[in-house]
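S.K.: Can you keep this structure in mind? I'll have questions shortly.
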Amino acid sequence: MSFGAFNSKPYTKGGGIAATLIKALCKHGQLNLNVNDCSLFVYKNNLAAVSAYKKLGFKVAANTPENQNLSPLPENCVHIVK
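For what it's worth, my numbering labels the leading residue of the sequence shown as 1, then goes sequentially.
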């Protein structure tokens, strides 16, 4: 299961809204859609987002042919999986 874009208003950042939503989406995918992995793309320079996803258990994926077949990876992005 791959996620689309998440964007929030500055005054909501750090409130746990995105973490709650991502946890719920992963759980829904596992329980209802027979999904084993969740993944997303993040801009390399968005260090706050990369850090937030790592806190949720996501890891930066190796640049392998398997994950390259999912979607063309823009040069300025990293593929993160859980």
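Virtual Cβ for every residue (Gly too), placed ideally from N, Cα, C.
#1: With DSSP as the reference, identify every bridge partner of residue 81, one or two as the case may be.
#2: What is the rounded straight-line gap between the Cα of residue 29 and the Cα of residue 38?
#3: Name the two residues that bound the continuous alpha helix (DSSP H) containing residue 27.
#4: CA-CA distance, residue 61 and residue 19?
#5: Rank 55, 48, 41 and 82 by C-alpha distance to the C-alpha of residue 76 and give the top, closest one.
#6: Leaving aside the five residues before and after residue 17 along the sequence, list all residues of the same chain whose C-beta is less than 6 Å from its C-beta, in chain order.
#7: Quick one: using the 10 Å Cβ neighbour count with 16 as the cut-off for buried, is residue 53 buried or exposed?
M.R.: Answer, in terms of the structure:
#1: 39 and 59
#2: 8 Å
#3: 17–32
#4: 20 Å
#5: 41
#6: none
#7: buried
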